Structure formats: C-alpha cells, structure tokens
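Data block below; observations after.
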C-alpha cells in the first residue's frame, strides 16, 4: 500500500510539473528547451549563459563564447542569474546573490511572439562605476508592455559583465598578457550572442539598439568608437555618460590600488608570486578576492580604481576618445540619442570625500586627471576652471536653486557644477557636435523633472531619469505629471529604437524632437515643459573643457 501511494504521489508531482512546464513560455535553442516565465502581457527568460563561466583557468581571461547549451535537454530560465561579485551598494538589492559564474543574459519579450516576428531589440548595459551593478535591478516588463500598447513591439535584453578587478585588471602584467578591459569584452560577447540567437526569440538582429546609463553609457560609447560596433548594433542611446566620463588612462594609473588588491590576496602574499600575479590570483577564493578588492577601494578617494583603460593599437581603446571621435576613418555613422540630467554632478561629489574648500577641489582634480598633462599645464587648466566655476552658490549645482546651500558647504555647489560639466555635460555636448557635423543623426536631451523625493542638495541627480524610461512612475489620473512624462519618454526611446527617429507619431502626443545640427538644440524633458531649448547653457565653461579634452584624459 505504501509503495502504491508513493508511486501515485510521484505521478501527481510529475503531472503537475509537466503541466506547469507546458504552460510556461518555451524557446528551442539548439537542442535545449529554454523554459521561461510569464510577466504582465509578456514573457521572461533569465539567467541564460552567453559565455563559459569565468572561473578556474578562465578567471582573469577573455570570455569564451557559449552560444548554445550543448546537449542539455531543458534549461530553467525562470529567474535572473546570479550577479557578478561586487561590494554592497545603495543602488543594488540587499543580499544580492553573487557568483563568478555570472555571465548571463535575460530576455523580456511580448507574449506569444511568433518565431519569425523579427521585432527590434533594445539591449541594456547597466552602470555602477564599473565595480557595482547588475541586470537584476531592471525589470523591463513595463517598457515591453508600452511597446505593445503603442503598436511597436520590441524585445529587451540585459546582461551582466565582470566588475571591479575581475573585470578591469590594471597594471603592466595585465597589459602584457592582453587582460585589460575584460568587462568590455564581456559586453561585446553578449552583443554577439544577440546577433547569433535573438531571432530564435522573435527578434531582428539587424535592428538592435544598445542603451545604457552612467558606466553602461560610457561602455557603449567606447565600443561605438570601433568600426565593428555597427556589426552588433544599428543605434545607441547614451544616458549620462560618454567615453571619457571616467577619464581614459593607461594601465598604470591605478597601479597603487591594484597592488593593494594583489598584496591583500592571501594566495599572492608569499615570495615568488610577483612574477605572475594572475597565477596566484586564480588560486584565491572569491571571498578572498572580494576582501582584497575592498582594500583597494578603501585606498581610493574620488576615483574609479578599476575601469577601462588604453589597451594599445589592436585593443578596444587604442587612443583617447577625444582624439578618436573626430577621425573620419574611425567613427561609424550609427545614429544615437545622448543626454544627461540637470544636476548629474551632485551625486559624484556626494559620493566622494567631503569637499569643503576650493583647495580640496584642486586636490580632487589633480588626483583625477594626473598624469594626462604636465603639472604646470594641469594647474593652469584647473585655475581657469575655478574662474569659470566660481564659489557663488547661485551659479552652482543643483542649478536654479539660488543662494540656498542646503545646510552644507557652499563649495559643494561649486564642485558639483564643475565636476558635473567635466565628466557628463561637456562630453555630451562634444559628442553631439562632433557626430552631427560628420553627418550622424543625433538627438540630444536634458532631463530636468523635479525630484521631490531626493534630498534637496542632490536636485535632479544622476540616475533620476531611469525610473521614467522603465515606466516605474505612476500615471496621474489628470494626465499630467511625472507619470505622463514617463510615457512620453518611453515613446521617444521606443520610437527611436524601432524607427531610428523619436518622432514616429505613435503613443502619447509629444513635441517634435529636432535632430541636433547647426542650431544645436536639445529636448528638455520635464513634466510641465517638455520642449526644444538651445544647448548653450554654460557656453564658455564647456567650450574650455572641450577645447582641452586631452588635459582631462577624455
């Protein structure tokens, strides 16, 4: 009797699992049935590997493609994959599951999409200063749903890439062994996976728009400056970041922090390990590496210690972007949107050490931009910057806040204005001007919608526009306010991704967005006043920055 009952219960359980699997969305990728889950109006397939796990001998190595799942009969894609190792961050979920086996991607798509639908694709690269961040943070269900509602369905893809020292090794050994910019190579491989496999999900590999924010946007613009970019994307959207935002240095810029990381890794502590530091690093546990990475971060003030660097003539970043961008032989004519928030600089200053005096601003700039220029040239440039960005609260950032200093040092507003323009606003303007002058279709924006939930000293801070793009804003019943702006922004983004023009006339009524050209206008995105405005704010200041890009390693 017991045996009969056991067999019966097993049969019931098998039946329930079979029914659940058969009702769940499925994709046949090679010999493997990928089982996903449903979302409101859509389907989700998560945690799909695009590269072999970067562990063992593949730790600190270029990614190895994994464009199929081999002989695996089924693959559970109902959840996001684990995120790449990183320190805790206020911008990522608490208790985030971490693993070095993290090179996976995720697909959100409309429900019941035909295999031959060939809809456009939007591929997102997250930010996080190249040492934090994860695809888990971004639920694209609302964006995909909006694409269906407006009659221009898209498929959305996101993916993880290696971060911190695992993704961006520094120093001469990394350079000599070809191990620089591994995180960027992960991104390239993920985009190649999309080219290889997205048609199976109903997407069109010839209609991929890559978009990202902050470090994700910086990554895209670095990839953009290679002719091969047009092989994996037909358009790009840059949100608060361009090549040069972090400064582009050689592999020795952060050598001190890299050496702290290596020396704090127990397997590298003994004599004889300096000849091949990567051999001893590959022998460490993940926890040991993360503890050592945190030691490297602790020794860093106001800098990005693990970041993309110059990697030689055959690399991804052979020269400074400001040198590469104007070259007619280099830049592909791939159309792009590019923008920033009104007060991008506040979060950068708030995240650094306290800046209470102009002398501390000078120290910060010296630390950030040495050794791109001689000491005297850099000092002269910094002196000019302090003249162009005086310690006058009414001129500072957050902008349009008068003499209010929010109970903190007035120098904060001076530093936020200066640093925000150097790293975000001036590069955006430089890219828009250079690309449009070469015949590339460019649409530029500035996001100015008030953020009452932010501390007042942050203003319309870095990251503020993301909730609007992802539809994470409630639409007001009266058809006004942030929710309606969110719909308008989604429509601009979706229109551009599907037609290469933000003005397809589908979805919410919205102003005509003029391409950036000789008139040099940008779209102001604001709940009460979305309109084209001249891109001439702080004209003298940003002209000086852009005329001296090489001094700032851009």
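In mature numbering (1 follows the signal peptide of the UniProt record, and there is no 0), the protein residues as written are -24 to -1, 1 to 530. Note that the Cβ used here is the ideal one computed from N, Cα and C, for glycine as well. Model, not experiment: these values are computed from the prediction.
Would a C-beta distance cut-off of 8 Å place residue i and residue j closer than the cut-off?
i, j, result
"residue 53", "residue 39", "no"
"residue 527", "residue 410", "no"
"residue 192", "residue 103", "yes"
"residue 163", "residue 119", "no"
"residue 435", "residue 478", "no"
"residue 188", "residue 234", "no"
"residue 196", "residue 181", "no"
"residue 422", "residue 325", "no"
"residue 210", "residue 194", "no"
"residue 472", "residue 213", "yes"
"residue 150", "residue 76", "no"
"residue 357", "residue 522", "no"
"residue 172", "residue 208", "no"
"residue 484", "residue 467", "yes"
"residue 401", "residue 320", "yes"
How big is the Cα-Cα spacing for residue i and residue j?
i, j, result
"residue 453", "residue 461", "For residue 453, the predicted structure reports a pLDDT of 48, less than 50, and the residue's modelled location is therefore unreliable. The matter cannot be settled from this model."
"residue 8", "residue -1", "15 Å"
"residue -4", "residue 21", "A caution first: residue -4 carries a pLDDT of 46, below 50, which makes its placement in the model unreliable, though a value can still be read off. The alpha-carbon atoms of residue -4 and residue 21 are separated by roughly 13 Å."
"residue 334", "residue 297", "29 Å"
"residue 530", "residue 230", "17 Å"
"residue 92", "residue 464", "29 Å"
"residue 222", "residue 399", "7 Å"
"residue 110", "residue 81", "11 Å"
"residue 112", "residue 217", "21 Å"
"residue 494", "residue 419", "13 Å"
"residue 122", "residue 15", "13 Å"
"residue 87", "residue 116", "14 Å"
"residue 429", "residue 352", "43 Å"
"residue 94", "residue 341", "48 Å"
"residue 517", "residue 364", "6 Å"
"residue 295", "residue 286", "6 Å"
"residue 361", "residue 511", "20 Å"
"residue 404", "residue 47", "47 Å"
"residue 513", "residue 376", "12 Å"
"residue 393", "residue 414", "30 Å"
"residue 289", "residue 371", "42 Å"
"residue 347", "residue 336", "18 Å"
"residue 50", "residue 10", "6 Å"
"residue 57", "residue 270", "23 Å"
"residue 244", "residue 144", "18 Å"
Please report the residue range of the beta strand (DSSP E) in which residue i lies.
i, result
"residue 510", "507 to 510"
"residue 463", "Segment 458 to 475 is the alpha helix (DSSP H) holding residue 463; no beta strand (DSSP E) there."
"residue 363", "Taken as a continuous stretch (DSSP letters only), residue 363 belongs to no beta strand (DSSP E), being part of the alpha helix (DSSP H) at 351 to 364."
To which residues does DSSP link residue i through a beta bridge?
i, result
"residue 24", "81"
"residue 501", "423"
"residue 18", "15 and 86"
"residue 313", "213 and 419"
"residue 2", "11"
"residue 437", "319"
"residue 101", "188"
"residue 74", "59"
"residue 41", "27"
"residue 134", "82 and 100"
"residue 52", "11"
"residue 399", "Answer is none; residue 399 lacks a bridge partner."
"residue 95", "179"
"residue 285", "225"
Quick check: is the beta carbon of residue i nearer than 8 Å to any beta carbon in chain C?
i, result
"residue 507", "Of the chains in the structure shown, none is chain C; there is only one protein chain."
Tell me where the alpha helix (DSSP H) around residue i begins and ends.
i, result
"residue 189", "Segment 179 to 189 is the beta strand (DSSP E) holding residue 189; no alpha helix (DSSP H) there."
"residue 232", "231 to 239"
"residue 392", "387 to 396"
"residue 406", "402 to 413"
"residue 489", "Taken as a continuous stretch (DSSP letters only), residue 489 belongs to no alpha helix (DSSP H), as it is neither H nor E."
"residue 65", "Segment: none, residue 65 is in no alpha helix (DSSP H) and carries neither H nor E."
"residue 162", "158 to 173"
"residue 267", "262 to 274"
"residue 343", "334 to 345"
What distance in whole Å lies between the Cβ atoms of residue j and residue i, which are believed to be in contact at a cut-off of 8 Å?
i, j, result
"residue 55", "residue 23", "6 Å"
"residue 159", "residue 106", "7 Å"
"residue 141", "residue 282", "5 Å"
"residue 268", "residue 237", "5 Å"
"residue 202", "residue 292", "7 Å"
"residue 482", "residue 126", "5 Å"
"residue 254", "residue 146", "At roughly 12 Å, the Cβ-Cβ gap does not stay under 8 Å, so residue 254 and residue 146 are not in contact."
"residue 108", "residue 68", "6 Å"
"residue 157", "residue 41", "About 17 Å separates the two Cβ atoms, so there is no contact after all."
"residue 438", "residue 323", "4 Å"
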